[in-house]
Each structure stands twice: as structure tokens, then as C-alpha cells.
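Quick note, the sequences are listed as chains A and B, same order. Numbering-wise, the first sequence is residues 5 to 334 according to my numbering. Numbering-wise, the second sequence is residues 5 to 334 according to my numbering. To start, the structure under review is shown below, and the notes come after it.
2 protein chains.
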Amino acid sequence: MSDEPELRRDPVTGRWAVVAPARAARPHELGDARPRCGPAAALACPFCEGAEHDTPHEVYALRAAGSAPNGPGWRLRVVPNKFPALQTLAKPQAAYGCAEVLIDCPEHVENPADLSDAHQRDVLCAYRARLAAHAADPRLAHVAVFKNVGAEAGASIAHTHSQLIALPVVPGLLQAELSGAEAHFARAGHCVFCELVERERTDGTRVVAETAYFVAVAAYAPRFAYEVWLLPKEHAPCYEAIADGAALELAGLMRRVLRALDAVAGAPAYNWFLHTSPLRAGDLPHYHWHIELMPRTARPAGLEWGFGAHIVTVAPERAASALRAALPAQ
Amino acid sequence: MSDEPELRRDPVTGRWAVVAPARAARPHELGDARPRCGPAAALACPFCEGAEHDTPHEVYALRAAGSAPNGPGWRLRVVPNKFPALQTLAKPQAAYGCAEVLIDCPEHVENPADLSDAHQRDVLCAYRARLAAHAADPRLAHVAVFKNVGAEAGASIAHTHSQLIALPVVPGLLQAELSGAEAHFARAGHCVFCELVERERTDGTRVVAETAYFVAVAAYAPRFAYEVWLLPKEHAPCYEAIADGAALELAGLMRRVLRALDAVAGAPAYNWFLHTSPLRAGDLPHYHWHIELMPRTARPAGLEWGFGAHIVTVAPERAASALRAALPAQ
Numbered sequence: 005m006s007d008e009p010e011l012r013r014d015p016v017t018g019r020w021a022v023v024a025p026a027r028a029a030r031p032h033e034l035g036d037a038r039p040r041c042g043p044a045a046a047l048a049c050p051f052c053e054g055a056e057h058d059t060p061h062e063v064y065a066l067r068a069a070g071s072a073p074n075g076p077g078w079r080l081r082v083v084p085n086k087f088p089a090l091q092t093l094a095k096p097q098a099a100y101g102c103a104e105v106l107i108d109c110p111e112h113v114e115n116p117a118d119l120s121d122a123h124q125r126d127v128l129c130a131y132r133a134r135l136a137a138h139a140a141d142p143r144l145a146h147v148a149v150f151k152n153v154g155a156e157a158g159a160s161i162a163h164t165h166s167q168l169i170a171l172p173v174v175p176g177l178l179q180a181e182l183s184g185a186e187a188h189f190a191r192a193g194h195c196v197f198c199e200l201v202e203r204e205r206t207d208g209t210r211v212v213a214e215t216a217y218f219v220a221v222a223a224y225a226p227r228f229a230y231e232v233w234l235l236p237k238e239h240a241p242c243y244e245a246i247a248d249g250a251a252l253e254l255a256g257l258m259r260r261v262l263r264a265l266d267a268v269a270g271a272p273a274y275n276w277f278l279h280t281s282p283l284r285a286g287d288l289p290h291y292h293w294h295i296e297l298m299p300r301t302a303r304p305a306g307l308e309w310g311f312g313a314h315i316v317t318v319a320p321e322r323a324a325s326a327l328r329a330a331l332p333a334q
Numbered sequence: 005m006s007d008e009p010e011l012r013r014d015p016v017t018g019r020w021a022v023v024a025p026a027r028a029a030r031p032h033e034l035g036d037a038r039p040r041c042g043p044a045a046a047l048a049c050p051f052c053e054g055a056e057h058d059t060p061h062e063v064y065a066l067r068a069a070g071s072a073p074n075g076p077g078w079r080l081r082v083v084p085n086k087f088p089a090l091q092t093l094a095k096p097q098a099a100y101g102c103a104e105v106l107i108d109c110p111e112h113v114e115n116p117a118d119l120s121d122a123h124q125r126d127v128l129c130a131y132r133a134r135l136a137a138h139a140a141d142p143r144l145a146h147v148a149v150f151k152n153v154g155a156e157a158g159a160s161i162a163h164t165h166s167q168l169i170a171l172p173v174v175p176g177l178l179q180a181e182l183s184g185a186e187a188h189f190a191r192a193g194h195c196v197f198c199e200l201v202e203r204e205r206t207d208g209t210r211v212v213a214e215t216a217y218f219v220a221v222a223a224y225a226p227r228f229a230y231e232v233w234l235l236p237k238e239h240a241p242c243y244e245a246i247a248d249g250a251a252l253e254l255a256g257l258m259r260r261v262l263r264a265l266d267a268v269a270g271a272p273a274y275n276w277f278l279h280t281s282p283l284r285a286g287d288l289p290h291y292h293w294h295i296e297l298m299p300r301t302a303r304p305a306g307l308e309w310g311f312g313a314h315i316v317t318v319a320p321e322r323a324a325s326a327l328r329a330a331l332p333a334q
């Protein structure tokens with residue numbers, strides 16, 4: 005048996021599995037708690053400035069003029085994942101793809117809400133740049149962009165970072181969303197997410213915050229208590245089209261929502277996912293990119309994993325009201 | 005806002021959420037580790053014989069002749085969940101359903117593999133009895149039967165028990181399975197699970213164990229390392245049709261597989277789910293009941309939760325080989 009990653013599809017449900025034995029070797033610096041900042045953690049951190057030799061060579065970076073790649077002088081770096089779930093050399097049956105790590109900043113920051121809005125904008129714009137870069141590879145179908153914060157949310161390194169996994173297939177949950185949105189468009193003649201934005205803004209009970217371009221709402225049928233979705237208010241199928249100004253606004257909105265979440269739910273571990281159109285899908289009339297912020301406020305059990313039904317103990321309307329009350333003004 | 009459970013459906017993906025604020029009050033006796041047996045634990049256990057007053061009145065029980073309901077003298081009890089996710093009184097928008105707890109045995113046993121095969125057969129036959137009872141209520145569409153073992157798998161009480169959640173809808177993952185199986189039948193003219201059983205038995209690399217009626221295989225595209233499915237070898241759409249003798253055989257097979265899993269994967273937390281036909285669906289030619297045993301051998305992160313793609317670091321063929329080597333002969 006080989007140790008090369010392999011992409012497998014369940015023949016009944018279509019669910020994808022990446023069988024990646026080499027990933028078992030990756031280090032785990034995090035215990036159970038949400039990461040805590042401290043000099044001891046920074047000392048051994050492979051993502052801090054000065055430890056560039058601990059990562060593979062960078063594929064993208066924002067650097068001071070004149071600084072050399074793979075050395076200090078950067079403010080954001082993207083490197084291939086050292087323990088990749090997929091590999092870039094296509095072989096028969098192998099899982100073709102790219103697994104990249106976006107290191108948000110050179111200092112040992114563990115809470116993404118501690119980044120400045122301008123810095124978080126750079127992170128959001130780096131997502132855009134990597135999506136555009138992967139779109140040029142016709143073998144890739146989709147890029148899963150996500151962030152794991154805290155061990156309970158699957159993070160193995162505390163230094164704030166994002167992951168980008170470029171896949172040769174459109175993954176199951178995104179495909180389900182696309183199909184659902186397409187069916188709604190066929191039925192109703194408009195984008196289901198545009199309808200959601202309008203309905204939530206009119207109703208107001210689940211709105212957490214609103215800016216010129218974006219709205220943050222407590223998910224109507226959440227998987228976890230305090231789950232919040234951030235959506236552009238106008239129809240926007242492709243994240244790649246986000247302008248720098250909108251990205252800066254989104255950065256500020258995310259910081260405020262994350263601060264409110266930390267205050268209300270006790271700094272829970274969380275994931276966020278960017279859901280956007282598949283690569284090269286063009287301007288889909290039925291799809292609308294958004295970010296889902298999913299705090300790990302419970303431990304999913306048999307009902308969730310075995311049947312896909314979720315129990316939450318905080319009504320989204322109460323969650324929104326609590327988050328609104330805890331939201332920093334700016 | 006009311007505290008009554010409410011069933012909500014995500015308008016895009018169709019995913020169900022049960023919003024159940026009252027459940028936040030339920031006790032959590034378990035920490036992080038897999039439950040450990042001990043006299044201290046038994047003393048405060050609400051599921052032990054003698055503590056019948058700690059649970060709602062039983063709806064089903066196997067009892068010594070002459071013993072009174074809701075007192076000692078039982079060997080298996082089913083009681084309504086004290087902190088239900090759903091309620092039996094239908095109200096507008098309320099989540100109609102039943103949440104029941106099946107207490108496997110009166111002694112303080114924490115590891116289901118410590119039950120005798122005859123006792124585990126009684127548990128499996130109680131599943132059958134409760135499915136038949138709920139089938140008589142036309143407002144119910146499906147019963148989710150599952151077991152959570154260990155805090156990491158969502159268990160809040162260590163005493164071995166199962167949960168039965170009767171729902172007014174067919175939950176998402178089961179619906180996806182039914183649709184996939186139906187599409188395969190339309191294409192190929194036979195049941196996809198029958199094909200799976202035949203292919204796995206011919207190939208052999210993923211077979212963990214086999215008995216006269218059942219086969220246990222490492223899932224081809226698993227969510228977690230060491231995920232094992234137990235399937236009837238002959239076509240069988242409805243679990244309710246299982247005979248006592250087959251249930252006894254399945255009990256022994258489960259015990260052996262659980263012992264091997266404990267030995268190979270370090271007694272992980274796990275869930276098992278019974279996937280069977282919706283209530284009153286009749287003898288579907290395309291569906292085939294089975295049990296999925298899902299050990300929590302990793303912490304799912306953004307790729308799993310956000311995109312439905314799973315990374316496993318142990319190839320199913322290696323998992324099967326290790327489990328075979330650790331399998332008790334009887």
C-alpha cells in the first residue's frame with residue numbers, strides 16, 4: 005500500500021474522503037483549550053517571523069520592498085502545507101490538489117480578532133489572489149478556504165492562519181448548496197441568498213450587524229449555537245470580485261462579530277468557511293458567496309453525525325440579540 | 005420567545021435543525037476521557053437500578069415476572085428523554101416527535117462491549133420493538149437510533165444507553181442515502197448495498213469479520229479512521245424484520261469489532277447509527293439497513309464541517325487488517 009493521498013467517493017451518498025496516511029505525522033501543539041498567547045508558545049512556533057525555515061517555500065507573500073523570499077520582512081505568507089492532504093503531482097488514483105497554509109501575520113498573534121482591520125483586509129485579499137491563481141489550473145474545480153481556531157475546532161497550530169485546499173472536485177456540502185440554490189432559482193426566478201438577505205433585513209430579529217456592503221445574521225437553522233453568516237447585501241456569486249474597500253469593511257465587521265462572540269459564548273473554538281462559486285463558474289445568477297462562522301458551542305453526537313440533524317440550545321433570535329448587545333460600536 | 009422545541013429547515017441545503025432551548029439545562033457528568041467504570045460513578049448514576057425515580061416513567065421494559073413498572077427488577081428500560089429535543093404534543097411550528105433513552109442494563113456498565121451477547125441481543129430487539137411502536141404514529145416519518153459512547157462523541161451520561169429520536173421528517177443524511185441508493189437502482193437494477201457487500205467479500209481487503217448473516221467492513225470512503233459498517237449479507241430494507249437469532253449473531257459481531265477497535269485505536273469515543281428505511285416505507289428494493297460505527301479518531305475541522313470532505317490518516321485497508329489481527333476469535 006502506498007502512502008500517497010487518495011481521493012475516494014462514497015458510492016451511495018457521494019461524500020468525499022481524502023485518505024492521507026502521511027498527515028498522521030503532523031505535530032499537535034494545542035491541547036483542549038482555545039489557544040492562549042504567550043512568549044513560550046511563540047518561541048517554538050513554526051509560523052512566527054524568523055522561523056521561515058520551518059515551512060516549505062512560500063508561494064505568495066506580502067513583503068517589504070527588497071526583502072528576500074523565505075526570510076524575514078513579510079507581513080503575510082502563503083506556503084504549501086507541510087503535511088498535505090493532497091499532492092500537486094497527478095498520479096493515477098492520487099488525490100490531485102493543493103493544500104496551502106496562509107500565515108496571517110509575522111507576530112505571534114493567536115486571536116484573529118487581534119489583527120488590525122487593514123491587516124485582516126490583506127488576508128481577505130490574499131484569499132482572492134490564491135483563488136485567482138488556482139483558477140488558472142484547469143484540473144482544479146474548487147478551493148475550500150477556511151480557518152480553524154482552537155483545538156476543539158481542529159487547529160493544530162495556535163498562530164493565526166487560514167487553510168486553502170484546492171480540489172479536483174466540487175465538495176459535497178458546496179454541491180448541495182449549489183443544487184439547492186439552483187432549484188430555488190428555477191422555482192422563484194431569483195437568488196435564494198438575495199431573498200435571505202432581504203427577508204432577514206426586513207425581519208431584523210436575526211441581524212447581528214450591518215455595514216454598507218455586508219450583513220451578519222444568526223443562521224436561521226444553525227448547526228451550532230451562535231452560528232453567524234456574513235453575506236454581501238448585493239448579489240455576488242464570486243468572492244474573487246471583492247474590491248479592496250469592501251474587503252476592509254468585511255474585515256472590520258468580522259472583528260466586531262468575533263469580539264461579540266468571544267464575549268457572549270466564552271471565547272469558543274470556531275471555524276469559518278468561505279463558500280463561493282466553483283472555479284471558472286462565471287457569474288451564476290443563483291449563487292451568492294458568503295462566510296459561515298461556526299462556533300463549536302456543543303459536541304455533535306449521533307443525531308448530527310449519523311442523520312445530519314442538529315440540536316441547538318440557543319434560539320438564533322436570542323443569539324442575535326446577545327451578540328448585538330455585545331458588539332463593539334467600531 | 006418560547007422555550008418549546010422548534011424544527012427548522014435551512015432553505016438552501018435542506019438541513020434540519022432542532023432549536024431546543026430547554027436542553028441547555030441537561031447535566032453533564034462526563035469530562036473529556038472515555039467513561040471509566042467505578043463505584044463513585046455508579047453512586048450518582050441516574051440510569052442504575054434503584055434510581056428509577058431519576059428518570060421519567062418507562063415506556064418499554066424487560067422485567068422479571070411480577071416486578072412493578074418504574075421500580076427495580078428490570079434488565080432493560082426505555083424512558084422518555086428528560087431533556088427532550090422534541091416534544092410529543094404537536095403545536096404550530098413545534099418540533100413534533102419523541103426522544104427516548106434506552107438504558108441498556110441495570111448494572112453500572114459503561115462499555116457496551118461488556119454486555120453479554122444475550123443482553124446486547126435484547127437491546128437490539130428493543131430497537132426493533134420501538135421502531136414498530138413508532139411506526140403506528142402516522143405523524144412520524146423516521147426514527148434515528150444511535151449510541152454515543154464517550155464525552156468526545158457527545159455522551160453526557162456514562163452508563164451505557166442508546167437514544168431513539170422519532171422525527172416528523174426523514175433527516176438529511178438518511179434522505180441523501182435513500183436518494184443515492186434509488187439512483188443506483190434506477191441505473192444498475194440492483195441494490196447498491198448488496199453490490200457493496202458482494203464486492204467487499206470478493207475483494208476481502210476491507211473485510212473485518214464475517215458471520216452467517218452479517219459482514220463488518222472498513223468503510224471505503226470513511227469520515228474517521230477505523231470507521232466500520234455492519235451490514236446484513238442478504239438484501240434487507242427494514243431493521244424491524246430482524247429475527248432474534250440474527251440479532252444474537254449481530255450482538256456477538258459488534259462485541260468482537262468493538263473489542264478490536266478498543267485494542268487498535270486506544271478505546272476511542274465513538275457513535276453508532278442504525279440506518280434503516282423510513283417508517284412504513286415497505287420493502288424497498290433499493291435500500292438496505294446497516295449500522296455505521298464511527299470512532300472519533302480525529303477532530304473534524306473546516307474542510308469537514310464547511311465542505312463535507314473528510315481527511316483520514318489511516319487507509320481503510322490498513323484499518324481492516326489491524327482490526328482483523330485484534331479480533332477476538334469468539
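A virtual CB, placed ideally from N, CA and C, is assigned to each residue, including glycine. Model, not experiment: these values are computed from the prediction.
B:Leu200 has a beta carbon lying within less than 9 Å of a beta carbon in chain A. Distance from the CA atom of A:Pro25 to the CA atom of B:Ala229, rounded to whole angstroms, is 10 Å. The straight-line gap separating the alpha-carbon atoms of A:Glu186 and B:Asn74 is approximately 53 Å. When Cβ-Cβ separations below 9 Å define contact, A:Trp293 makes no contact with chain B.
Residue pairing from DSSP places A:Ser166 in a beta bridge opposite A:Leu106. Each residue's CA atom was taken as its position, placing A:Ile315 and A:Gly54 some 45 Å apart. Take the alpha-carbon of A:Phe150 and the one of B:Gly77: they are about 53 Å apart.
Following the DSSP letters along the chain, one finds A:Phe150 inside the beta strand (DSSP E) bounded by residues His146 to Val153. Within chain A, no C-beta atom comes less than 7 Å from the C-beta of B:Ala190; the nearest is roughly 14 Å away. Listed in chain order, the positions of the segment 216-230 of chain A with a beta carbon within less than 8 Å of a beta carbon of chain B are Ala223, Tyr224, Ala225, Pro226 and Arg227. Taking a cut-off of 8 Å on C-beta distances, the segment 260-271 of chain B does not touch the segment 128-148 of chain B, as fewer than three cross pairs fall below it.
By the rule that beta-carbons nearer than 9 Å mark a contact, B:Gln167 touches chain A. Taken in chain order, the unbroken stretches of beta strand (DSSP E) that lie wholly in the segment 255-283 of chain A and span 3 residues or more are 274-279. Taking a cut-off of 8 Å on C-beta distances, the segment 225-239 of chain B does not touch the segment 103-117 of chain B, as fewer than three cross pairs fall below it.
Interface annotation, B:Met258: not in contact with chain A, CB-CB separation never under 9 Å.
For A:Arg67, the secondary structure class from DSSP, reduced to helix, strand or coil, is strand. At least 9 Å separates the CB of B:His61 from every CB of chain A. Closer than 9 Å to the CB of A:Arg303 there is at least one CB belonging to chain B. What A:Arg12 touches in chain B, judged by beta-carbon distance under 7 Å, is Tyr224 and Ala225, going in chain order. Under the three-state reduction of DSSP, A:Arg125 is assigned to helix. Where B:Leu235 is concerned, the enclosing beta strand (DSSP E) starts and stops at Val232 to Pro236. The contact set of A:Pro25 on chain B, defined by CB atoms closer than 9 Å, consists of Val316, Thr317, Val318, Ala319 and Arg322 in chain order. Looking at B:Leu278, B:Pro282, B:Gly310 and B:Arg259, the one whose alpha-carbon comes closest to that of A:His279 is B:Gly310.
Think of a sphere of 7 Å around the beta carbon of B:Leu307: the chain A residues whose beta carbon falls inside it are Ala148, Phe150 and Ile169, in chain order. Rounded to whole angstroms, the Cβ separation of A:Arg67 and A:Ile107 is 13 Å, and the two are not in contact under 8 Å.
In this structure, A:Pro320 keeps its C-beta atom at 9 Å or more from the C-beta atom of A:Ala213. Rounded to whole angstroms, B:Arg210 and B:Ala225 show a C-alpha spacing of 11 Å.
In the structure shown, A:Val212 adopts extended strand secondary structure according to DSSP, grouped into three states. Neighbours of A:Trp20 in chain B, taken as residues at a C-beta separation under 8 Å, are given in chain order as Ala225, Gly312, Ala313 and His314. In terms of CA proximity to B:Gly18, A:Val196 leads the group A:Leu171, A:Glu253, A:Cys242 and A:Val196.
Any Cβ of chain A closer than 9 Å to the Cβ of B:Asn275 would place that residue at the interface, and such an atom is present.
Taking 9 Å as the cut-off, the beta carbon of A:Arg134 is found closer than this to the beta carbon of A:Tyr64. With its beta carbon at least 9 Å from every one in chain B, A:Leu254 lies outside the interface.
Think of a sphere of 9 Å around the beta carbon of B:Gly158: the chain A residues whose beta carbon falls inside it are Ala302, Arg303, Pro304, Ala305, Gly306, Leu307, Glu308 and Trp309, in chain order.
When DSSP states are grouped into helix, strand and coil, B:Glu53 belongs to the coil group. Chain B has a Cβ within less than 9 Å of the Cβ of A:Leu177.
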